[in-house]
Each structure stands twice: as C-alpha cells, then as structure tokens.
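Each remark here refers to the structure printed beneath this line.
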Amino acid sequence: MGADMTREQYIKNTLELNVFYARVFKEHCVALVAGLKNGDMRILQSLDRYKVHFEMLLNSALDSGLNLIDSKLVEHNCFITPYTHSLELSTQNACGVSINHRITTLQAERLSKPQPIPAGRLPFVYERAMKLNSDGEEIAQGLSELIRNILNEIVIGRIYSSIYPAIFERNILELKRYQKAIEFIRQDNQLDYCDDHSIKIMQTNAEYIRGALDFKEEQDIQKANTFVIEFAQCVSDKEKFLKTNQEFAQFLQELIEKITAKKLMSIMLPLTFDNILRQANYNIALLTTE
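Below, the structure written as structure tokens:
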C-alpha cells in the first residue's frame, strides 16, 4: 500500500474495483460456456469453476465497507442495472447455463443501503480487502491462461466456438487490466481510464454487437458500426471517449429495451448487452469523477 494511502482509501478502491469486475468476469464465463456448449467437458467444467470463483469473490466484496464506495458509481449503474436480474433469467433460460441470481438480489439490497464498517472492525476489513485483491489476481491469472489455451485450440481447429476469437482476446485484455488496476491500488497510483486498452475493449464491444445482430437489423448494425469508428478515434481524447461512451450507453439501453420487448433479433446472450452497458457506465462514471 502507498505510504500516503489510508486503510479506508485502500478498502474503497478495492471494493469499487472488485464489485465491478467480479460480476463482469463471472458473466464472461457464462457466455464462454454457452459459446462452447458442445465442447470439451473438462474445459466447460473449468470455466464453470471460474464462474463460481468470481461469484465467491463478488460475495466477499459485498460483505462490508460498501458505504465507502463512491455513490456516483452506484448512481451510474456500474455494478448492476435495472435490467440485470431479468436478463440473467432470460439468459439462463436461453442457454441453460446456471446463474446465481441470489447474488444480484443481495448486491442490489446492500448497495442501496450500504452499512458503515462496525466500530473496531476496520483492521479486519482492511485485511479482507488485501485478501480480496490477492485472490482476485490469482483467479484472473488462471482464467486468463485458460482462455488463452482455449483460443489456441480454436485457432488450430480442435475446438469450435460460436463466439468470435476477438472476444476471447478482449476477455484476456480485461483480465490483464484488472490485474494492473490491483497493482496500481497497492502503489496508490491512478489508472488511466482512457488508455489504448480501455478504448480497444470498447471498440471490440461495439464490433461484437455489430456482428451479433441479425442481418435484418440494418439500422442498429449501422449504429453499432458508427460506434466502432467513433471509439477508434478516441485515442488520447478523454472528452471524446466520455461522449462516445455516453452515446453508446444510450444505444445499449435502446437495444435492451427491444430485447425485453422481443423486438430485436441477435445471437448475443441478453445478459451480454447488460454487461457491456455496465462497462460503458463504468467508463462514464470514472471519467466524470476525475
């Protein structure tokens, strides 16, 4: 921990990071299992174990100290959105991959009424925060290696996936960014929220949506393609990256509304739209907090 960082600040930074990323990664595991549904059972079981690991990490992050989290992150729906629970249900029904809905309910309850750290418990909560980061690093490294191995198998034709290889690369990039963020917390450094990796992740998200929409969804495909171009032009331009994320988030909400109304045809899991929406919301909140 940096010499000038207080224990409260370390806990705050740790919880904000892990409450966000643990959910993102557990949902990535759901999507990968669905995309490899008829693949090697050992790989599917490994992905399911990592899903559970991140669920446990999220559950641990929700245990105490949530009052320290910046309320702007909650208000911007970075951790869950009004759509998350219903899209979990529709995704589970659609692909048959189990999703722990109780964590979502618990998260909504605890974030809406965050409790302060009980008197005398700060040292214990601080120790838990340090363990949260070390556990998260280890889980992320293991999942990153697994995804890389799966991608190698796809490239040589040993495994079939209905998910684009570029999404495997995006997942690895996100896991590396998460690990880098943990290291920055320990050093009391500020991560650049508009670096090349952040931009590449969002550009890939827009590309994914563009490629997942049915060919008949011409208008939304064109909109998604516009965001691919817009994100590519955000290099070293925080104002443009913020504006593009804001517009992209609005587009995602429109797509989700169409999904819930059964008016959008797509091969992407419903929950993945919500996952990407939260990523855009997270960027917006962080960029407007700086």
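Numbering of the sequence shown is given in my numbering, commencing with residue 2 and proceeding in unit increments. By construction, the Cβ of each residue, glycine as well, lies at the ideal position given by its N, Cα and C atoms.
- Measuring C-alpha to C-alpha distances from Phe80 to each of Gln223, Gly143 and Leu278 identifies Leu278 as the nearest.
- Looking at Pro271, Ala182 and Ser237, the one whose alpha-carbon comes closest to that of Glu17 is Ala182.
- In this structure, DSSP gives Leu63 a state outside helix and strand, which the three-state scheme calls coil.
- A Cβ-Cβ separation of about 7 Å places Leu58 in contact with Leu133 under the 8 Å criterion.
- When only Cα atoms are considered, Gln220 and Gln251 end up about 15 Å apart.
- With a 10 Å radius around the Cβ and a threshold of 16 neighbouring Cβ atoms, Lys264 comes out exposed.
- Bounds of any alpha helix (DSSP H) do not take in Ala262, whose DSSP letter is neither H nor E.
- Runs of the alpha helix (DSSP H) lying entirely within the region 39 to 114 and spanning at least 4 residues, in chain order: 42 to 62, 72 to 76, 85 to 96 and 102 to 113.
- Cβ neighbours of Ile151 within its own chain (closer than 8 Å, five residues either side excluded): Leu33, Leu37, Ile44, Ile160, Ser162 and Phe169.
- Non-local beta-carbon contacts of Ile260 in its own chain, meaning distances under 7 Å to residues more than five positions away in sequence, involve Pro271 and Phe274 in chain order.
- Per DSSP, the unbroken alpha helix (DSSP H) holding Gly137 starts and ends at Leu123 to Val156.
- In this structure, DSSP gives Leu278 a helical state, which the three-state scheme calls helix.
- Look at Ser199 here: in three-state DSSP terms it is helix.
- Between Ile173 and Met269, the gap from beta carbon to beta carbon reaches 8 Å or more.
- Restricting attention to Pro115, Lys177 and Pro124, the CA atom closest to the CA of Gln142 is found in Lys177.
- Approximately 19 Å separates the beta-carbon atoms of Tyr194 and Tyr11; this is outside 8 Å, ruling out the contact.
- In this structure, the beta-carbon distance from Lys52 to Val75 does not fall below 8 Å.
- Restricting attention to Asp196, Thr205 and Phe232, the CA atom closest to the CA of Leu287 is found in Asp196.
- Within the same chain, Cβ atoms closer than 6 Å to the Cβ of Ala281 are found at Asn246, Phe249 and Ala250, the five residues on either side in sequence being excluded.
- Within the model, the alpha-carbon separation for Leu256 versus Glu89 is close to 16 Å.
- When only Cα atoms are considered, Thr82 and Ile155 end up about 33 Å apart.
- In the assembly as shown, His102 is an exposed residue. Its beta-carbon has fewer than 16 other beta-carbons within 10 Å.
- The shortest C-alpha to C-alpha distance from Val25 to any of Lys241, Lys244 and Arg171 is the one to Arg171.
- Nearest to Asn94 by alpha-carbon distance, out of Lys241, Ala35, Arg149 and Thr106, is Ala35.
- Our two residues, Pro117 and Arg50, have alpha carbons roughly 32 Å apart in a direct line.
- Annotation for Glu175: the continuous alpha helix (DSSP H) segment containing it runs Pro166 to Gln188.
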